[in-house]
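**Student:**
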Amino acid sequence: MITDILLLMLSAVLIENFIFSRFLGCCPFLGVSEKPDTALGMGCAVVFVMTISSAVTYAVYTFILVPFHLEYLKTIAFILIIASLVQFIEMFLHKYVPVLYNALGIFLPLITTNCAVLGAALLNIENGYNFIESVAFGFSAAAGFTLAIVIFAGVRARIEFANPPKCFRGMPMALITAGLIAMAFSGFSGMSFN
Amino acid sequence: MNAAVKKYLLQFKEGIVDKNPTFVQLLGMCPTLATTTSVSNAVGMGLAATAVLCCSNLFISLLRRFIPREVRIASFIVIISGFVSAVEMLIKAFLPALDASLGVFIPLIVVNCIILARAEAFASKNPPLPSFFDGLSMGLGFTLALCCIAAVRELLGSGSILGFNILGSSYPGMLIFIMPSGAFLTLGCLVALVNKLRAVAASHSRSSADTQTVTADSPAEASEISDETASGEVKTNSCDSEKSDENTGTESDKGGEDK
Numbered sequence: 001m002i003t004d005i006l007l008l009m010l011s012a013v014l015i016e017n018f019i020f021s022r023f024l025g026c027c028p029f030l031g032v033s034e035k036p037d038t039a040l041g042m043g044c045a046v047v048f049v050m051t052i053s054s055a056v057t058y059a060v061y062t063f064i065l066v067p068f069h070l071e072y073l074k075t076i077a078f079i080l081i082i083a084s085l086v087q088f089i090e091m092f093l094h095k096y097v098p099v100l101y102n103a104l105g106i107f108l109p110l111i112t113t114n115c116a117v118l119g120a121a122l123l124n125i126e127n128g129y130n131f132i133e134s135v136a137f138g139f140s141a142a143a144g145f146t147l148a149i150v151i152f153a154g155v156r157a158r159i160e161f162a163n164p165p166k167c168f169r170g171m172p173m174a175l176i177t178a179g180l181i182a183m184a185f186s187g188f189s190g191m192s193f194n
Numbered sequence: 195m196n197a198a199v200k201k202y203l204l205q206f207k208e209g210i211v212d213k214n215p216t217f218v219q220l221l222g223m224c225p226t227l228a229t230t231t232s233v234s235n236a237v238g239m240g241l242a243a244t245a246v247l248c249c250s251n252l253f254i255s256l257l258r259r260f261i262p263r264e265v266r267i268a269s270f271i272v273i274i275s276g277f278v279s280a281v282e283m284l285i286k287a288f289l290p291a292l293d294a295s296l297g298v299f300i301p302l303i304v305v306n307c308i309i310l311a312r313a314e315a316f317a318s319k320n321p322p323l324p325s326f327f328d329g330l331s332m333g334l335g336f337t338l339a340l341c342c343i344a345a346v347r348e349l350l351g352s353g354s355i356l357g358f359n360i361l362g363s364s365y366p367g368m369l370i371f372i373m374p375s376g377a378f379l380t381l382g383c384l385v386a387l388v389n390k391l392r393a394v395a396a397s398h399s400r401s402s403a404d405t406q407t408v409t410a411d412s413p414a415e416a417s418e419i420s421d422e423t424a425s426g427e428v429k430t431n432s433c434d435s436e437k438s439d440e441n442t443g444t445e446s447d448k449g450g451e452d453k
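From first to last, the protein sequence lines are chains P and H. One point on numbering: in my numbering, the residue at position 45 of the first sequence is 45, and numbering is uninterrupted. Count along the second sequence from 1, add 194, and you get the number used in my numbering.
1. Indicate whether at least one CB of chain P lies closer than 9 Å to the CB of residue 282 of chain H.
2. Going by C-alpha distance, which of H:252, H:271, H:201 and H:315 is nearest residue 215 of chain H?
3. I'd like to know whether the C-beta of residue 381 of chain H is nearer than 9 Å to at least one C-beta of chain P.
4. Could you name each continuous alpha helix (DSSP H) segment of 4 residues or more that falls completely within the stretch 41-78 of chain P, going from the start of the chain to the end?
5. Less than 9 Å separating the beta-carbons of residue 186 of chain P and residue 13 of chain P?
6. Apart from the five residues just before and just after residue 239 of chain H, which ones in its own chain have a Cβ nearer than 7 Å to its Cβ?
7. Pull up the DSSP beta-bridge partners for residue 185 of chain P, would you.
8. Which ranges does the alpha helix (DSSP H) cover as unbroken runs of at least 4 residues, wholly within the stretch 137-166 of chain P, from first to last along the chain?
9. Specify, as a first and last residue, the run of the alpha helix (DSSP H) that residue 250 of chain H falls within.
10. Got a sec? Which residues, its chain only, sit under 7 Å from residue 282 of chain H by beta carbon, not counting five neighbours each side?
11. Using a C-beta cutoff of 9 Å, does residue 390 of chain H count as contacting chain P?
12. Taking residue 65 of chain P as the query, report the chain H residues whose CB atoms sit under 7 Å from its CB, ordered along the chain.
13. Are the C-beta atoms of residue 22 of chain P and some chain H residue less than 9 Å apart?
14. Could you pull out every residue in the same chain whose Cβ sits closer than 6 Å to the Cβ of residue 50 of chain P, ignoring the five residues on either side in sequence?
15. Going by beta carbon distance, what residues of the same chain come within less than 7 Å of residue 101 of chain P, once the five residues before and after it are set aside?
16. If you check the beta carbons only, do residue 337 of chain H and residue 243 of chain H fall under 9 Å apart?
17. Whole angstroms are fine: how far does the CA of residue 75 of chain P sit from the CA of residue 122 of chain P?
18. Do residue 317 of chain H and residue 250 of chain H have their beta-carbon atoms positioned less than 9 Å apart in this structure?
19. First and last residue of the alpha helix (DSSP H) that includes residue 310 of chain H?
20. Determine the contact status of residue 309 of chain H and residue 347 of chain H, defining contact as a CB-CB distance below 9 Å.
21. Report the CB separation of residue 20 of chain P from residue 148 of chain P in whole angstroms; it is logged as a contact under 8 Å.
22. State the DSSP-derived secondary structure class of residue 415 of chain H, mapped to helix, strand or coil.
23. Using the C-alpha atoms, what's the distance from residue 81 of chain P back to residue 57 of chain P?
24. Determine the direct distance from the alpha carbon of residue 304 of chain H to that of residue 382 of chain H, and round the result to whole angstroms.
25. Which of the three DSSP states is assigned to residue 316 of chain H in this structure?
26. Taking DSSP as the reference, what is the three-state secondary structure of residue 88 of chain P?
27. So, using beta-carbon positions, are residue 369 of chain H and residue 351 of chain H closer together than 9 Å?
28. Against residue 153 of chain P, what residues of chain H qualify as contacts under a CB-to-CB distance less than 7 Å, listed in chain order?
29. Can you round the beta-carbon distance between residue 25 of chain P and residue 145 of chain P to whole angstroms, since I take them to be within the 8 Å contact cut?
30. Give a yes or no on whether the minimum CB-CB distance between residue 72 of chain P and chain H is below 9 Å.
31. When you compare each of H:364, H:270 and H:254 to residue 113 of chain P by their alpha carbons, which one comes out closest?
32. Starting from the Cα of residue 161 of chain P, find the closest Cα among P:90, P:173 and P:39 and give me that residue.
33. Short check: CB of residue 325 of chain H to CB of residue 274 of chain H, under 9 Å?
34. Which residues in the same chain as residue 104 of chain P place their Cβ atom closer than 8 Å to its Cβ, once the five residues preceding and following it in sequence are excluded?
35. Using the three-state DSSP reduction, which class does residue 285 of chain H fall into: helix, strand or coil?
36. Which same chain residues end up closer than 7 Å to residue 285 of chain H when comparing Cβ atoms and leaving out the 5 residues on each side of it in sequence?
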């Protein structure tokens, strides 16, 4: 049981990395990765929200939507849960944990439209995970996202000093960098635990 | 009437070329990268997003006077997710193969930034009909961009387009272009190409405008000068495009080696 969960977590971080193999959460990945510090802040905020939202969406789906045969409403329900959860977490941190709020504050509203959060909630249901697996999957997928965005921000900070052709400056260069990192990450797909 | 038609045509040009959501505004990257493994997937994704975009723009525009400003984002998301659920169920019922290959990315149209961006920037401030056409033009721009990326990836990755073999059966297929890293590489190169084309177009229109204004002042000298600058620009442009060609060349070589 514990080894299963550990393997699930390891594969969510490395083999099926949310950015490099599933393409979930690419907007913040490309948008908030100019400095390693802000990238880390964004990553931590995503870990925080995604772990909680995985637990809450699982509970809502299993105990509210399934008993009333409302499974087809899951997209609407999940996006509302995530939006209100983000708002709630923001208010809670603002009131009780101001240190954390100052660190994560500006990133929290951006997370509502981060498809990684909704994607994790939907994948939990699609893969039929139980409660513990869902939380573990949410946490480790977000950890994988953080790993990817921090590595990418580190590389991008160095690329600032490079001198590519004019039309490659900015986003095209960043995309190609991401492609090269993805190539490196695809090496992990050779790992097999069976 | 004629003016109205012209306005809509201009809107279409804006959505598909000038403000293309993928290549120029760089919005909605997740579906762009994930669903472009084949042209048929790209068309399916693009049209699904277009349908949602048209409907949501139309409804948000109709309701724009009733939605309070403070909760507008939440209201937009609810409206969008309603249409996404409808489209999801329709695709599940009538196109099960497409549903299987797009998977989780159909419900994820909800968080596609293009749709929310158009709702916020256009539909919440304009009457219904222009909003609908805005949705249609942006959606078609998105679909077209997805098709371009998918065509490159499918052609290089498996030597076919829409399942028809084009490069012959002896073509080995560069697997890297079907894999995730190929998506980033292809999109990066295409965005660079679009930047290049836009820069060339802008410099052309600028240099022709310069010639016109300057020749009005002193014909003989000015035309010489502007000719020189124009040829200089053309030279630098050709250098740059050669460079970018080299870059794409090395990358496809890399892809071959990796395979």
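Cβ atoms here follow ideal geometry from the backbone N, Cα and C, with glycine treated the same way. Nothing here was measured: the structure is a model prediction, and the numbers come from that model.
**Tutor:** Well, looking at it:
1. With 9 Å as the cut-off, residue 282 of chain H counts as an interface residue toward chain P.
2. Per the Cα distances, H:315.
3. yes
4. none
5. A distance of 9 Å or more separates the beta carbons of residue 186 of chain P and residue 13 of chain P.
6. These residues qualify, in order along the chain: 225, 229, 296, 299 and 340.
7. Answer is none; residue 185 of chain P lacks a bridge partner.
8. none
9. 233-256
10. Contacts found: 300 and 301.
11. Answer yes: the Cβ-Cβ gap between residue 390 of chain H and chain P drops below 9 Å somewhere.
12. In chain order: nothing, as chain H lies at least about 13 Å away.
13. yes
14. Residues 117, 120, 138 and 142 of the same chain have their beta carbon placed closer than 6 Å to that of residue 50 of chain P, with the five preceding and five following residues left out of the count.
15. The beta carbon of residue 101 of chain P sits closer than 7 Å to the beta carbons of 93 and 94 from its chain, once the five residues preceding and following it are set aside; these are given in chain order.
16. yes
17. 8 Å
18. yes
19. 307-312
20. no
21. 6 Å
22. In this prediction, residue 415 of chain H scores a pLDDT of 40, lower than 50, which makes its location untrustworthy; the coordinate-derived value is nonetheless stated afterwards. In the structure shown, residue 415 of chain H sits in a helix (DSSP, three-state: H, G or I).
23. 7 Å
24. Spanning the two alpha carbons is a distance of roughly 25 Å.
25. The three-state reading of DSSP puts residue 316 of chain H in helix, counting H, G and I together.
26. helix
27. yes
28. Those do not exist, as residue 153 of chain P stays about 16 Å from chain H at its closest Cβ, beyond 7 Å.
29. With a Cβ gap of about 5 Å, residue 25 of chain P and residue 145 of chain P count as contacting.
30. yes
31. H:270
32. P:173
33. no
34. 41, 44, 45, 48 and 93
35. Helix, per DSSP.
36. 242, 292, 293 and 300
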